[in-house]
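Numbering (our numbering), first residue to last: 1109 to 1415.
Glycine included, C-beta positions come from ideal geometry on N, C-alpha and C.
The structure displayed is predicted, hence computed values, not measured ones.
Next up, the structure:
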């Protein structure tokens, strides 16, 4: 009788397990991901991005802040990243820092007015020889920086496992965002972001101290090649001339499709489950690069004391 009872228990357990498996398979995609991710997913909400143009400490910086408010760059960042389902609010703030920089420290992303000023100042005054417009250079660099710091925030707030240097992963996150949100504008966004390395491109031989390789960020030219490689790997036809013109070495190009595939696979597995699909479709349906005929912001628009 014990054998029969034990056998019956095993059969019931097996059937129960099978039915449980069927129940999991019958779940919606979001439910299945909640089962996989574990924990209470109810506090993960979209539209968690808050923005602030902080009052500067010095009155002479106020005109530059006013120019940014008029251009509304933070509102664009807020909308682009609104699909992210986060456990808490994330504030993207511009402020006067005393240095030219940008960083993430929970629960804030800080982009310094000094850094944005440098982006505007370094942009080409007219169409560059590479065909990069002033507006593209400013928008591309700004969005890449905002996406890079958002990458740090996402990895932190969602406990995304990293298998490498955080700065490299944040660069890959930013590249993926620029390539995917701007399907019709990807070329302009990537070229604009790449323009920040323009001075390094002009100098084919670079000499640095050995200690420079200890920096948490990759070398500037490495970051440029990584960005161009991912763009080329995702769409070789659209970016074929970056290889033809020598911006991306031919020795690197053959591996770019695989490199993009690895980044895209990681994004799909680790980030996509935390994205609101409807809001994402809204973001993907829009263009995020202003018309090239719209004059870009100029430092001549603000007093000399701010420049």
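| Check | Outcome |
| --- | --- |
| Three-way DSSP call (helix, strand, coil) for residue 1240 in this model | coil |
| Three-pair Cβ contact test at 8 Å for the segment 1190 to 1203 versus the segment 1384 to 1397 | yes |
| N- and C-terminal bounds of the alpha helix (DSSP H) containing residue 1380 | Unbroken run through residue 1380: none, as it is neither H nor E. |
| Residue environment, residue 1290, which counts as buried when at least 16 other CB atoms sit within 10 Å | buried |
| Residue range of the unbroken alpha helix (DSSP H) whose run includes residue 1298 | 1294 to 1302 |
| Endpoints, beta strand (DSSP E) assigned at residue 1204 | Note, residue 1204: premise wrong, no beta strand (DSSP E); not H, not E. |
| Own chain residues within Cβ distance below 7 Å of residue 1133, not counting five before or after | Residue placement at residue 1133 cannot be trusted, given a pLDDT of 40 that sits under 50; what the coordinates show is reported in the next sentence. So no residue of the chain qualifies. |
| In DSSP terms, what residue 1158 is bridged to | 1199 |
| Terminal residues of the beta strand (DSSP E) in which residue 1210 lies | 1210 to 1213 |
| Counted within 10 angstroms of its Cβ, other Cβ atoms place residue 1098 as buried (16 or more) or exposed | The shown model of the chain, from 1109 to 1415, leaves out residue 1098, and the question about it has no answer. |
| Counterpart residues of residue 1216 in DSSP-defined beta bridges | 1199 and 1213 |
| Per-residue burial, residue 1279 [other beta carbons within 10 Å of its own, 16 or more giving buried] | buried |
| Supposed contact pair residue 1305 and residue 1328 - C-beta distance, whole angstroms, cut 8 Å | 5 Å |
| In DSSP terms, what residue 1194 is bridged to | 1153 |
| Assumed close pair residue 1229, residue 1204 - CB separation to whole angstroms, cut-off 8 Å | With 8 Å as the limit, residue 1229 and residue 1204 do not qualify as a contact, their Cβ atoms being about 16 Å apart. |
| Buried/exposed call for residue 1181, threshold 16 Cβ in 10 Å | buried |
| Cut-off 6 Å between Cβ atoms - residues of its own chain near residue 1294, not counting five sequence neighbours on either side | 1287 |
| Beta-carbon gap between residue 1217 and residue 1162 smaller than 9 Å | no |
| Nearest to residue 1335 (by Cα), restricted to the options 1282, 1274 and 1395 | 1282 |
| Under 9 Å between C-beta atoms of residue 1253 and residue 1302 | no |
| Rounded straight-line distance, which links the Cα of residue 1385 to that of residue 1377 | 15 Å |
| Sequence-distant residues of its chain with Cβ nearer than 6 Å to residue 1365 (five each side left out) | 1341 |
| Supposed close pair residue 1297, residue 1251 - CB separation, criterion 8 Å | 6 Å |
| Check: residue 1192 C-beta below 8 Å from any heavy atom of the ligand SAM | This structure does not include the ligand SAM; it has no bound ligands of any sort. |
| For residue 1401, the three-state DSSP class (helix, strand or coil) | coil |
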